[in-house]
Amino acid sequence: MAAITTVLIWTSFIVIARASASHNLLPLDIGFLRILGASSVLLPWGWWLMREPRKTGTAKGSFFGLSPLPWRMTAAAGLFGGLLYAVLAYSGFFYAPALHASVLLPGSLPLWTALLAMWLLKDPISQNRGIGLVCILLGDVLVGGASLLKAFDGTEVWKGDVLFMCAAVCWGMYSVLVRRDSLNAIRATMAITAFACVTFVPTYGAAAWMGWVPSHLATAPLKELWFQALFQGVGSVAISGITFNMMIRHYGAVRSTMITALVPGLSALGAVAVLDEPMHLNVLAGLALVTCGILFGVRKT
Numbered sequence: 242m243a244a245i246t247t248v249l250i251w252t253s254f255i256v257i258a259r260a261s262a263s264h265n266l267l268p269l270d271i272g273f274l275r276i277l278g279a280s281s282v283l284l285p286w287g288w289w290l291m292r293e294p295r296k297t298g299t300a301k302g303s304f305f306g307l308s309p310l311p312w313r314m315t316a317a318a319g320l321f322g323g324l325l326y327a328v329l330a331y332s333g334f335f336y337a338p339a340l341h342a343s344v345l346l347p348g349s350l351p352l353w354t355a356l357l358a359m360w361l362l363k364d365p366i367s368q369n370r371g372i373g374l375v376c377i378l379l380g381d382v383l384v385g386g387a388s389l390l391k392a393f394d395g396t397e398v399w400k401g402d403v404l405f406m407c408a409a410v411c412w413g414m415y416s417v418l419v420r421r422d423s424l425n426a427i428r429a430t431m432a433i434t435a436f437a438c439v440t441f442v443p444t445y446g447a448a449a450w451m452g453w454v455p456s457h458l459a460t461a462p463l464k465e466l467w468f469q470a471l472f473q474g475v476g477s478v479a480i481s482g483i484t485f486n487m488m489i490r491h492y493g494a495v496r497s498t499m500i501t502a503l504v505p506g507l508s509a510l511g512a513v514a515v516l517d518e519p520m521h522l523n524v525l526a527g528l529a530l531v532t533c534g535i536l537f538g539v540r541k542t
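Oh and the sequence shown: position 24 is 265 in this note's numbering, straight run, nothing missing.
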């Protein structure tokens, strides 16, 4: 159930985030609302969760009692899984289509997670998993490489592709940190929200209010603000954040991201059906290779 919930929300995330790029809000605006939406649910929950440890003096939380994890774990997980991932991903959707995100964002996640797990956790890469990762790499190259070749023609799609890849690296790092520190699913999601809320929300809110950074928060329709806060915050962070961490605890970081690599095909179909994006041959081939990577990667040997 955790895997199904995660895949469905991540699929919707790609289609909705790309559609949002043609509306009023800017990337950091969406990130700001994402954090506010998640904070409205997770921070009161975290504060309630820590009430008994505070009374007994055994609380090990941080960030003014909003995070149930120590400072170091909160900062590391929050930086990669909460702040950088959201900012990089939303920025990418303003340059590249959802079809590219379908392959490069969740599609490259198993590759980066496997490499980071091998480096930080000393996890070996089996032969089958290695074949799967090579297929995923080739699929990423087919999509991202094509946009890089057109960079000198004045197109900016390559910027979005690079941002998607960087976002995947950040989420891969977060996945490995969850596995390394054996973080509880709910507490880890609360921690990354607390970090982003304390560090990003007041900074960006003040900068936008003073006009120091471009922002459309003051001019966007109220229903758009509410929708982004609910879907991006409550859905993409609070719900899928918990279910994704549950997957990691059960399957391990690498295999969990192999399962979520089902998202490319589903979100690509959504991009074609909902956003009317053209399915070019290189994207189709990239999706096929990523699917082959999944089939090899989830095998036990």
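No residue lacks a Cβ here, since even glycine has one placed at the ideal position from N, Cα and C.
Checking the DSSP bridge columns, you'll see residue 303 partnered with 308. Membership of residue 453 in any alpha helix (DSSP H) is not indicated, and neither H nor E is assigned to it by DSSP. Counting only the Cα atoms, residue 333 lies some 9 Å from residue 408. Collapsing the DSSP output to three states places residue 334 in coil.
When the five nearest sequence neighbours on each side are left out, the beta carbons in the same chain lying within less than 7 Å of the beta carbon of residue 280 are those of 434 and 438, in order along the chain. Within its own chain, the residues whose Cβ lies closer than 7 Å to the Cβ of residue 291, once the five positions on either side in sequence are excluded, are 300, 302, 306 and 309, listed in chain order. Between the segment 379–394 and the segment 514–532 there are three or more C-beta pairs closer than 8 Å, enough to call the two in contact. With respect to residue 452, residue 252 sits apart: the two C-beta atoms are not nearer than 9 Å. Beyond the five residues adjoining it in sequence on each side, residue 329 comes within less than 7 Å, by CB distance, of 404, 407, 408 and 411 in the same chain, given in chain order.
Using a Cβ-Cβ distance cut-off of 8 Å, the segment 333–344 and the segment 453–468 are not in contact, since fewer than three pairs of beta carbons, one from each stretch, lie closer than that value. If you look at residue 469, you'll find it in the alpha helix (DSSP H) that goes 463–469.
In the structure shown, residue 276 falls within a helical segment according to DSSP collapsed to helix, strand and coil. The C-beta separation of residue 266 from residue 518 comes to about 20 Å, leaving the pair out of contact by the 8 Å criterion. In its chain, beyond the 5 residues on either side, 530, 531, 533, 534 and 537 have a beta carbon closer than 8 Å to the beta carbon of residue 376.
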